[in-house]
Amino acid sequence: MNDTASAGRTLRRRNLLLDPKVVPYVFIAPFLIFFLVIYLYPFVTTILMSFQKIDGPNSVEFIGTKNYEKMFNRNFKQALMTTFRYAFWDVVVLTIVPLIFAVILNSGCVKFPSFFKSLYFIPALTSTIVVGIVFRLAFGTLETAPANRLLALFGQPAKDWLMFADTGNFVLILLTLWRWMGVNIIYYISGLQSIPSELYEAAKIDGANSIQQFFHISLPGIKPVLIYVITITVLGGFAMFTESVALWAQNNPGGVGRTIVGYMYLMGFYKNNMGMASAVGLVLLGLVLAVNLIQLFAMGFFKKED
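Following the working numbering, the numbering of the sequence shown begins with 7 at its first residue and continues without gaps.
Have a look at this one:
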């Protein structure tokens, strides 16, 4: 009797799992569990920590909004301005320059385009630390540094490139362009190659030149790719940390190259103020969401297509 009852319960459970109404939930259950453990739980914990003073695992005190009130000091404002300045130029450079190269490579006037695609993509595979050391030496303070030698050819004095905000930001943008330009070129080329060639042929018959074809066919045709590239570039600009650390190492005078993520790292791991670091992280999340929404609205992402 017990065996019969046990077999009946097993059969009912099996039938329940095979129920068409239940099967979809069974398949998405692993993802939901992964999401709850890896994303949602840390996010909720970070929100709680941002209202706490944490001196250790056993020393936690609720302090309300004091972390947010103390956050907006001179160092945070400097990191905020550095991040916005870097993110702005990062979007400008990594959107326009790769697009120009992609159009040239896709035009058919370049021999061995596959070779150049690979050549431009290789920097993305290099180590950030190695790239940072190379650029730190190339833009060093000595007169024998390659960048200062180049200035000397034009009769200009040597510069302390990484000691000042303007020149340091220029070097950081140059490093980022060198590393990630090839990735965006590949994105753009994939978008350009998806545009039907008949459109270009019809435009030629109508007398449209190359520039007109670009603005009236190519650019509208790669709009989804363009939105994607700008979005990930904005995210990368605000999340930038490793490039700054690799370029300046511990020699970051006055926080010249310190971004919001760098400031968050400083608060959390150097000053052991995890509550403040959590508050900074949530402010950064809000800024990124706001900037991305503005960008998507500006590009007409939410407009209904006619």
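Backbone N, C-alpha and C define an ideal beta-carbon position, used for all residues, glycine too. Remember, it's a predicted structure, so these values are computed and weren't measured experimentally.
According to DSSP, residue i sits in a beta bridge with which residue or residues?
{"i": "Lys59", "result": "Glu67"}
Using only the alpha-carbon positions, how far apart do residue i and residue j sit?
{"i": "Gln199", "j": "Tyr193", "result": "10 Å"}
{"i": "Thr132", "j": "Met270", "result": "26 Å"}
{"i": "Pro202", "j": "Asn175", "result": "40 Å"}
{"i": "Arg80", "j": "Ala151", "result": "33 Å"}
{"i": "Asn8", "j": "Leu46", "result": "Residue confidence is low: Asn8 scores 48 on pLDDT, short of 50, so the model does not pin down where it sits. Its coordinate-derived value is still stated next. Looking at the two C-alpha atoms, the distance is approximately 43 Å."}
{"i": "Val231", "j": "Ala245", "result": "21 Å"}
{"i": "Thr101", "j": "Val189", "result": "11 Å"}
{"i": "Glu249", "j": "Leu272", "result": "16 Å"}
{"i": "Ile139", "j": "Ala35", "result": "45 Å"}
{"i": "Ala158", "j": "Gly260", "result": "28 Å"}
{"i": "Phe118", "j": "Val50", "result": "51 Å"}
{"i": "Leu295", "j": "Gln162", "result": "43 Å"}
{"i": "Tyr31", "j": "Val43", "result": "17 Å"}
{"i": "Leu290", "j": "Ala209", "result": "46 Å"}
{"i": "Ala11", "j": "Phe37", "result": "Because Ala11 sits at a pLDDT of 48, beneath the cut-off of 50, its placement in the model cannot be relied upon, and the following sentence gives the value as read from the coordinates. Those two C-alpha atoms are separated by around 34 Å."}
{"i": "Leu105", "j": "Glu67", "result": "51 Å"}
{"i": "Phe160", "j": "Ile211", "result": "48 Å"}
{"i": "Leu168", "j": "Gly146", "result": "7 Å"}
{"i": "Phe33", "j": "Phe41", "result": "14 Å"}
{"i": "Phe307", "j": "Val235", "result": "13 Å"}
{"i": "Leu293", "j": "Lys76", "result": "18 Å"}
{"i": "Met87", "j": "Gly114", "result": "42 Å"}
{"i": "Gln301", "j": "Val103", "result": "19 Å"}
{"i": "Gly287", "j": "Ala255", "result": "22 Å"}
Starting from the C-beta of residue i, find all residues in its chain whose C-beta is less than 6 Å away, skip the five residues before and the five after it, and write them out in chain order.
{"i": "Lys123", "result": "none"}
{"i": "Asn112", "result": "Ile195 and Leu198"}
Is the CB-CB distance between residue i and residue j below 7 Å?
{"i": "Ile179", "j": "Tyr126", "result": "no"}
{"i": "Thr237", "j": "Asp96", "result": "no"}
{"i": "Thr265", "j": "Thr89", "result": "yes"}
{"i": "Ile353", "j": "Met305", "result": "This structure leaves residue 353 out entirely; the chain is present only between 7 and 312."}
{"i": "Gly274", "j": "Phe247", "result": "no"}
{"i": "Asn298", "j": "Val240", "result": "yes"}
{"i": "Ile195", "j": "Ala108", "result": "yes"}
{"i": "Gly243", "j": "Ala85", "result": "no"}
{"i": "Gln219", "j": "Tyr206", "result": "yes"}
The alpha helix (DSSP H) spanning residue i covers which residue range?
{"i": "Gln301", "result": "Met280 to Ala304"}
{"i": "Thr147", "result": "Counting along the chain, Thr147 falls outside any alpha helix (DSSP H), and DSSP gives it neither H nor E."}
{"i": "Thr89", "result": "Arg80 to Asn112"}
{"i": "Leu198", "result": "Ala171 to Gln199"}
{"i": "Gln219", "result": "Ser216 to Gln219"}
{"i": "Ile223", "result": "Unbroken run through Ile223: none, as it is neither H nor E."}
{"i": "Tyr276", "result": "Tyr276 -> no alpha helix (DSSP H), and no H or E assigned at all."}
{"i": "Tyr45", "result": "Note, Tyr45: premise wrong, no alpha helix (DSSP H); not H, not E."}
{"i": "Thr248", "result": "Thr248 to Trp254"}
{"i": "Ala153", "result": "Pro152 to Leu159"}
{"i": "Val231", "result": "Lys229 to Phe244"}
Among residues of its own chain, excluding the 5 on either side of residue i, which ones have a beta-carbon nearer than 7 Å to its beta-carbon?
{"i": "Met55", "result": "Met280, Gly281 and Ser284"}
{"i": "Phe141", "result": "Val177, Leu181 and Leu253"}
{"i": "Gly14", "result": "Below a pLDDT of 50, predicted positions are generally treated as unreliable, and Gly14, at 48, falls in that range; no measurement from the model is reported."}
{"i": "Pro129", "result": "Trp184, Arg185 and Gly188"}
{"i": "Asn215", "result": "none"}
{"i": "Tyr74", "result": "Ala285"}
{"i": "Thr134", "result": "Thr248, Glu249 and Ala252"}
By Cβ distance below 8 Å, which residues in the same chain neighbour residue i in space, the five residues on each side in sequence not counted?
{"i": "Lys72", "result": "Lys59"}
{"i": "Leu225", "result": "Leu232"}
{"i": "Leu148", "result": "Asn154 and Ala164"}
{"i": "Ile69", "result": "Phe57, Gln58, Lys59 and Gly281"}
{"i": "Phe170", "result": "Val262"}
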